[in-house]
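Using our numbering, read the sequence shown as starting at 9 and increasing by one per residue.
Down below is the structure, laid out as C-alpha cells.
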Amino acid sequence: MAATGAVAFPMVVPRRVFGANERLNVAAIGSGGKGQVDIDGCESQNIVALCDVDPGRAAHMFKRHANATKYADFRKMLEKEAKHIDAVIVSTPDHTHA
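Below is the structure:
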C-alpha cells in the first residue's frame, strides 16, 4: 500500500507550483455585470485578458484593466492567450443560472 502512494504522488503535483508571493495570470469570460464582482475577487492577481460579447456592459472593466487584452469571442481569447493564462473566470448573467 505504501508503494502505491509513492508511485501516485508525482501524478498529483501540478506542473508549476506557485509560491506565496507569485500571482496568477487570470482571464475572464463575461466581464460586465456579474463578471465585475467575480473579477474583483481576483484583484490581487494579474488580469491578463477580458472577454465579453457586449463591450458596452464590460466597458468599466475594460477601462479599469487597461493592460488586459480585450476580446469579444472567448474562443479567440483562449487560442491566443492559452500559454499565458493560469486561470479563467467564467461569469454568466443571473438569469442563466438554474
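Even glycine gets a Cβ: it sits at the ideal position worked out from N, Cα and C.
Per DSSP, reduced to three states, the secondary structure at A67 is helical. For the pair of segments examined, the stretch 46-59 was found to touch the stretch 72-83: the number of CB pairs separated by less than 8 Å reaches three. For K78, DSSP records a beta bridge to L58. Cβ-Cβ separation between R31 and Q53: approximately 5 Å, consistent with a contact (criterion under 8 Å). In this structure, DSSP gives I47 a helical state, which the three-state scheme calls helix. Under DSSP, I97 shares a beta bridge with A36. The beta carbon of I93 sits closer than 6 Å to those of N33, A35, all from its chain and outside the five residues before and after it, given in chain order. One thing to note: G49 has its Cβ no nearer than 8 Å to the Cβ of R65. As the crow flies, the alpha-carbon of A106 is around 27 Å from that of A67.
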